[in-house]
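Residue numbers (this note's numbering), protein chains in the order written: chain A, 59 to 141; chain B, 9 to 253.
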Amino acid sequence: MPHYYFDVHDKDGAFEDEVGLELPNMDAAITEARRALADMTKEMLTGAGVQGFHIVIHDGVDGPVRLSVSLETTWPNGKHHAG
Amino acid sequence: MAVADEISAFIRKLERRDSISSEEKAALVAAAGSIEVFAAGADLVREGDRPVRSMLVAEGFTTRYRLMADGTRQITAIHLPGDFVDLHSFLLKTMDHAVGALSTCRIVTFPHANLKLITQRYPHLTRMLWLMTLLDAAIHREWIVAMGRRSSLEQLAHLLCEIFTRLSIVGLGDRNSELILPINQTQLGDTLGLSTVHVNRTLQQLRAEKLISWQGQTVRLLDWDRLARIAQFDAAYLHLDAEPR
Numbered sequence: 059m060p061h062y063y064f065d066v067h068d069k070d071g072a073f074e075d076e077v078g079l080e081l082p083n084m085d086a087a088i089t090e091a092r093r094a095l096a097d098m099t100k101e102m103l104t105g106a107g108v109q110g111f112h113i114v115i116h117d118g119v120d121g122p123v124r125l126s127v128s129l130e131t132t133w134p135n136g137k138h139h140a141g
Numbered sequence: 009m010a011v012a013d014e015i016s017a018f019i020r021k022l023e024r025r026d027s028i029s030s031e032e033k034a035a036l037v038a039a040a041g042s043i044e045v046f047a048a049g050a051d052l053v054r055e056g057d058r059p060v061r062s063m064l065v066a067e068g069f070t071t072r073y074r075l076m077a078d079g080t081r082q083i084t085a086i087h088l089p090g091d092f093v094d095l096h097s098f099l100l101k102t103m104d105h106a107v108g109a110l111s112t113c114r115i116v117t118f119p120h121a122n123l124k125l126i127t128q129r130y131p132h133l134t135r136m137l138w139l140m141t142l143l144d145a146a147i148h149r150e151w152i153v154a155m156g157r158r159s160s161l162e163q164l165a166h167l168l169c170e171i172f173t174r175l176s177i178v179g180l181g182d183r184n185s186e187l188i189l190p191i192n193q194t195q196l197g198d199t200l201g202l203s204t205v206h207v208n209r210t211l212q213q214l215r216a217e218k219l220i221s222w223q224g225q226t227v228r229l230l231d232w233d234r235l236a237r238i239a240q241f242d243a244a245y246l247h248l249d250a251e252p253r
């Protein structure tokens with residue numbers, strides 16, 4: 059089975075995966091990355107000022123594939139509207 | 009190896025909490041049955057089994073785990089040498105979880121009939137066996153707190169502080185030792201309730217911050233004080249005082 063590496067880029071820096079995972083194909087690797095983004099989102103987005111983070115999957119053949127999560131905060135009526 | 013040597017880690021674990029008489033030690037040795045070896049990845053006991061004996065780990069690492077319908081696994085405990093992994097089956101009868109070997113394990117079996125004799129003849133030793141299951145429960149509680157309320161970094165730091173502390177209790181190294189932890193990133197994820205990729209990233213952060221080194225299965229804690237502070241590790245839940253019980 060091919061080997062996939064998952065580099066994580068977030069508020070604490072870039073974490074290059076040196077171990078990787080053996081998975082049947084890139085679709086399975088994308089599923090794995092989505093699972094990781096899901097459980098990282100909870101603690102990432104509660105960190106003040108954090109607006110996003112992403113994972114880049116490398117396999118040396120098929121990639122890279124980048125998956126990102128971002129938070130958008132908007133004030134549809136403007137921030138200082140009078141009451 | 010003599011049974012007395014095989015259960016020496018268990019005796020250390022007991023003696024950390026209370027004194028054990030030579031009569032009680034002899035009763036434990038007399039209650040032991042066969043000594044068996046399990047390969048890494050093998051199950052010592054499966055969910056749904058009705059064992060007629062309990063198992064004490066002499067050497068190696070084991071886990072308690074549950075398998076989910078979709079094939080995912082949750083590890084609910086990591087057991088080390090000196091742990092009586094399967095004392096539960098003596099009274100629970102039907103296993104509600106499995107126990108698997110993380111590394112090659114040597115275990116001492118204790119037929120339930122012999123454990124029953126201990127409970128009839130040795131009230132203090134019986135309380136000490138009871139204490140062992142209470143300690144398992146205390147560790148479960150700490151893990152629930154970690155899974156519910158700690159960040160992944162804190163949770164992983166806490167698990168490492170716990171494992172190193174528990175190994176030192178049974179005479180396997182100390183906070184500054186280089187230890188062999190036969191657990192890979194997927195198994196760590198199954199333990200912490202995190203994805204493998206998240207575990208990898210978190211281990212890298214611990215490494216980058218010079219808190220641990222982890223090469224293959226060789227692990228060293230580089231800064232116990234800082235790691236314990238991050239983890240908010242307080243060994244009180246391991247009840248390390250020797251006192252009459």
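All residues carry an ideal CB built from backbone N, CA and C; glycine is no exception.
query: Chain A contacts made by the region 116-138 of chain B, where a contact means CB separation under 8 Å; result: none
query: Proximity below 8 Å, CB of Pro190/B to CB of Gln225/B; result: yes
query: Cα-Cα separation between Val342/B and Ala236/B, rounded to whole angstroms; result: For residue 342/B there is no data in the structure shown, the boundaries of chain B being 9 and 253.
query: Spatial distance of Ala39/B from Leu125/B (CA atoms); result: 8 Å
query: The region 233-250 of chain B touching the region 160-180 of chain B, judged by at least three CB pairs closer than 8 Å; result: yes
query: Residues near Arg105/B in its chain [Cβ-Cβ closer than 7 Å; skip 5 each side]; result: Residue identity check: residue 105/B is His in the sequence provided, not Arg. Here the set comprises Glu55, Arg72, Tyr73, Arg74, Thr84.
query: Chain B contact for Asp75/A (CB, 8 Å cutoff); result: yes
query: 8 Å Cβ cut-off: residues of chain B touching Arg93/A; result: Ser203, Val205
query: Gln82/B - DSSP class collapsed to helix/strand/coil; result: strand
query: Assigned secondary structure, Tyr130/B (DSSP; H/G/I helix, E/B strand, else coil); result: coil
query: Alpha carbon of Asn83/A to alpha carbon of Arg92/A, nearest angstrom; result: 15 Å
query: DSSP bridge partner residues for Thr80/A (one or two, in chain order); result: The amino acid occupying residue 80/A in the given sequence is Glu; Thr does not appear at that position. In the DSSP output, where bridge partners are listed per residue, Glu80/A has His61/A.
query: Alpha helix (DSSP H) runs wholly inside the region 173-238 of chain B, at least 4 long, in chain order; result: 193-200, 204-216
query: Whole alpha helix (DSSP H) elements within the region 90-157 of chain B, 4-residue minimum; result: 96-100, 120-129, 131-157
query: 7 Å CB neighbourhood of Leu36/B in its chain, flanking five on each side removed; result: Ile15
query: The region 91-106 of chain B contacting the region 23-31 of chain B, beta-carbon criterion three pairs below 8 Å; result: no
query: Chain A contact for Arg81/B (CB, 8 Å cutoff); result: no
query: Alpha helix (DSSP H) segment containing Ile19/B, residue limits; result: 16-23
query: Alpha-carbon to alpha-carbon, Ser126/A and Phe64/A; result: 12 Å
query: Residue span of the beta strand (DSSP E) that contains Leu52/B, given as start and end; result: 51-53
query: Minimum C-alpha distance to Ala165/B - residue among Gly108/B, Asp94/B, Gln213/B, Leu95/B; result: Gln213/B
query: Inter-residue Cα distance where the pair is Glu67/B and Ile19/B; result: 14 Å
query: Among Asp70/A, Asp68/A, Glu90/A, the one whose alpha carbon lies nearest that of His167/A; result: This structure cannot speak to residue 167/A, because chain A is shown only from 59 to 141.
query: Same chain, Cβ closer than 6 Å to Ile86/B, neighbours up to 5 away in sequence not counted; result: Thr71
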